[in-house]
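Residue numbering for the sequence shown follows the UniProt record's numbering, starting at 1 and increasing by one per position.
Idealized CB from N, CA, C, for every residue including glycine.
Take a look at the structure below.
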Amino acid sequence: MNEDTLYRKSIEDKESFWKEQAQSIQWFEFPTRILSKDNNNYTQWFSDGKLNMCYLCIDKHIEDGFGEQIAIIYDSPVTNYKQKFTFNEAKEEISKLAGGLASLGLKKGDTAVIYMPMIPQTLFAMLACARIGVIHNVVFGGFAPHELVVRIDDCKPKALITATAGIEITKIIPYLPLVEKAIELAQDKVDNIIVYNRKLIDNQQEMFDGLIDYEELIQKSKPVDCVPVKSTHPLYLLYTSGTTGKPKGITRDTGGYATALQFSMKYIYGIDPGETYWAASDFGWAVGHSFSVYGPLINRNTTIIFEGKPVMTPDAGTFWRIISEYKVAAMFTAPTAIRAIKKEDPNGELVKKYDLSNFKKQFLAGERCDVATLDWFTKHIGVPAIDHWWQTESGWPMLGLMTYDNNYQIKRASAGKPIPGYDIKIFDENGLELDPHHEGFLVIKLPLPPGALLGIWNDYHRFENSYLSQYNGYYFSGDGAIQDEDGYIFITGRVDDVINVAGHRLSTSEMEEIVSSHPDVAECAVVGIDDHLKGQIPFATVVLKNGSTISEENLERDIVKMVREKIGAVACLKNVMVVKRLPKTRSGKILRKLIRTLLDEKDFQVPSTIDDEKIITEIQEKIKVYRS
Ligand code: COA
Ligand code: AMP
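Encoded structure:
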């Protein structure tokens, strides 16, 4: 089947298309109901099928005779350590850890939070949960305790699995004090705290009082088998930023997701079982879940766990060293990582040191890829750089190119064409479909295909409000886009309060809540401004309370600290500018888009609804002073 036929069938004959795709994974009970509705009248796929994700990722390959194939490579330039695990070895560790979790009383349907760095034990913990039907929630290690608290209070975990430390280039980040603080602040106490001791910090033993040692738990536990779960059983929750301060617990099913990932590996990434596939993302992001863990392992690829940065660990040639050393066939990263490499090695001198002959394709996503970065990559690396677009919510690509038959055409600056299963339209604000070359809102006709979110954890109302209520019968993506006459789509950016900082999705509303809590702040607006390296960075514009005497420098220092403490260093809020007043509409809404345009020094039209036009010059003058 060629790409067009595949796409058409996926839209016109959904049930038979996805039934056929579901046959490419192994079920304990193959579904008889392909597409149905849940209690909220929302889509569910394969509802009476039964399977287990850990079985698909590990046990099945052993049964098929591939137990001695390398499943996982751990490469940690920050600790100068490398390790490989076969499928047999991975099963040994995962099945015992699953046994350990079961011995602590965890069972199908319970939740567990995983707050860990980029080490194999994180992947083992995810798969151990999947093995016994425990729903995991991985929390990015760069988040501060407050973010952990929000997740603990929302999903009420029976266990929290963590490690003693992470490493940021050379800086050791102790996790236990962060966990301790989170547990202290959380409303719900977590019964079991399991800690993997990395032995990077001395005198940690006293912190272990009342905690469970990961290694000891494994040693004393018996391996357990995979527990069959229903297709709609949640495999995991992954919290993501929305338009309010509270992150949304995106809930992923098992059967639809497994089917969609198998489809992605074959058709989108065009990668054969047995090859090495590397998604250089933290486990805490959607890419880490789908394409560092589940996707490649389902497809029997060797996956790589990389504990380092694209630069400085030890240099900007690290990516090429790994690709060469492990014969990586396809890689996936965020454009910001390539920009960081380009900045350090503009002429690609470090690339020349490595044999990249096995490297076939580079995939990019997470943020817009600028043409200069794409061109630099193509010139110096010499393999196709393929942009594709998706979200935590979808769990797998919605726009991209189907590279399986090598018959694809890259259009620079475009994130590709709709992927099978996604009936994508560009709407104006009234829900009318726009002609090519007109910018509008990217929406997707329901039902979404298998693998996309089941909903928001314990909050159908919020799910409906956030995604389904804008246009009847359509999923609202929150992104703006333009389509051309050949069907290629160009993402123009978020249309809400979400920003993308170095490939990390963050909420400006959440930052505004923190900034507003400063005692001297009357009101504020946080917007994402252009940044040549990170794509976007947050910028706070603040109005002080009457009578406040705080200096701008002290205010900035306080607010930067508060944001780091509440969200984490990844938020990268470094700039706070005091203004006399914020531009608003006559009805009192802050004109954030105008502030962003002024800060980016771009051309703008004065909004017709603005309350007082003079404020524009006021802000422009303040920006000049602030930046001087
Ligand atoms: N634990 C603790 N702190 C972390 C962290 C973690 N897991 N990850 C990042 N941080 C900290 C950094 O140390 C830094 O702290 P600092 O302000 O004290 O220096 C801060 O958060 C900002 O980090 P980051 O935005 O990552 O900037 P950077 O300069 O360290 O690295 C890049 C820049 C581009 C190399 C890096 O962001 C990157 O590789 N991004 C790719 C993102 C990605 O893979 N996204 C997934 C979608 S594909
Ligand atoms: P996340 O949920 O963290 O994966 O972030 C999803 C958001 O990142 C999308 O809604 C987009 O705004 C942005 N994004 C992801 N991939 C791309 C891409 N290829 N081009 C432009 N923006 C992207």
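Would you identify the three-state DSSP class for residue i, choosing helix, strand or coil?
i           : result
GLY366      : coil
GLN605      : coil
residue 637 : Nothing can be reported for residue 637: it is not among the residues displayed for the chain, which extend from 1 to 628.
TYR55       : helix
ILE201      : coil
PHE17       : helix
GLU168      : strand
VAL495      : coil
HIS438      : coil
ILE135      : strand
VAL515      : helix
HIS233      : coil
GLN391      : coil
GLN69       : coil
PHE463      : helix
HIS504      : strand
Between the Cα of residue i and those of the options, spot the shortest distance and give me the residue it belongs to.
i      : options                        : result
THR541 : ALA159, ASN407, MET577, GLY535 : MET577
GLU429 : GLY421, TYR214, HIS438         : HIS438
VAL311 : LEU350, LYS158, ASP225, GLY416 : LEU350
PHE441 : PRO420, ILE419, ILE482, MET402 : ILE482
ASN575 : ASP612, ILE559, PHE30          : ILE559
LYS353 : ARG368, LYS343, PHE319, ALA385 : PHE319
GLU553 : ASP520, ALA571, PRO538         : ASP520
PRO31  : LEU97, MET118, GLY255, LEU200  : GLY255
ILE169 : PRO117, VAL149, VAL150, ILE132 : PRO117
SER502 : LYS361, CYS572, PHE476         : The identity of residue 502 in the sequence shown is Ala, whereas the question assumes Ser. Checked all of LYS361, CYS572, PHE476; the closest Cα to ALA502 is CYS572.
ILE616 : VAL625, LEU598, SER608         : LEU598
ASN458 : ILE489, THR79, ARG151, LEU6    : ARG151
GLN536 : PRO335, PHE306, LEU364, ILE567 : PRO335
PHE427 : ARG368, ILE489, CYS369         : ILE489
ILE34  : GLN26, ASN40, SER24, GLU20     : GLU20
ILE172 : ASP191, LYS545, GLY395, ASP202 : ASP202
LYS561 : ALA330, ILE514, LEU544         : ILE514
GLN277 : TYR267, PHE263, GLY295         : Checking the sequence, you will find Tyr at residue 277 rather than Gln. Of TYR267, PHE263, GLY295, the residue nearest in Cα terms is GLY295.
THR259 : GLN26, VAL606, ILE341, GLU565  : GLN26
PHE263 : SER10, ASN137, LYS566, LYS545  : SER10
LEU582 : ASN192, ILE610, LEU127         : ILE610
VAL328 : CYS129, ILE341, PHE306         : PHE306
LYS593 : VAL495, LYS566, GLN620         : VAL495
PRO397 : ILE72, GLY416, ALA102          : GLY416
ILE212 : LEU178, LEU148, THR164, LEU235 : THR164
LYS220 : GLY308, LYS189, SER103         : SER103
VAL78  : ILE161, TYR55, HIS136, ARG198  : ARG198
LYS361 : LYS343, CYS369, ILE323, LYS342 : ILE323
ARG131 : GLU93, PRO145, SER551, VAL149  : GLU93
Rounded to whole angstroms, what's the CA-CA distance from residue i to residue j? Just pull it up for me.
i           : j      : result
PRO120      : LEU356 : 25 Å
PHE17       : PRO228 : 24 Å
LYS425      : LEU399 : 12 Å
VAL563      : ASN2   : 49 Å
residue 632 : GLY142 : It is not possible to answer for residue 632, since the shown part of the chain is limited to 1 through 628.
LYS181      : ALA569 : 17 Å
TYR326      : GLN69  : 13 Å
ALA280      : ASN407 : 26 Å
GLY100      : GLU215 : 10 Å
ALA522      : GLY317 : 47 Å
residue 629 : GLN470 : Lying outside 1 to 628, the shown extent of the chain, residue 629 is not represented and no answer is given.
LYS584      : LYS622 : 17 Å
TYR626      : GLY547 : 21 Å
ILE619      : VAL543 : 12 Å
SER290      : LEU261 : 7 Å
ASN500      : ASP253 : 26 Å
LEU148      : VAL139 : 7 Å
PRO436      : GLU485 : 6 Å
Answer yes or no: the CB of residue i versus the heavy atoms of the ligand GTP, is any distance below 7 Å?
i      : result
GLU367 : As presented, the structure is devoid of the ligand GTP, carrying the ligand COA and the ligand AMP as its sole ligands.
In this structure, what does DSSP give as the bridge partners for residue i?
i      : result
LYS82  : ASP75
TYR239 : GLY249
PHE490 : ILE482
CYS524 : VAL542
TRP45  : LEU35
| said: Could you check whether the stretch 283-290 touches the stretch 379-399, counting it as contact only if at least three pairs of C-beta atoms, one from each stretch, sit closer than 8 Å? | reply: yes
| query | Hey, is the stretch 367-380 in contact with the stretch 229-249, meaning 3+ C-beta pairs nearer than 8 Å? | reply | no
| field | Cβ contact (3+ pairs, closer than 8 Å) linking the stretch 43-63 and the stretch 229-241 | value | Yes, since at least three Cβ pairs between the stretch 43-63 and the stretch 229-241 fall closer than 8 Å, the two stretches touch.
| message | So, does the stretch 297-312 touch the stretch 266-278, judging by three or more C-beta pairs under 8 Å? | response | With the cut-off at 8 Å, the stretch 297-312 and the stretch 266-278 touch.
| query | Hey, is the stretch 84-98 in contact with the stretch 53-62, meaning 3+ C-beta pairs nearer than 8 Å? | reply | yes
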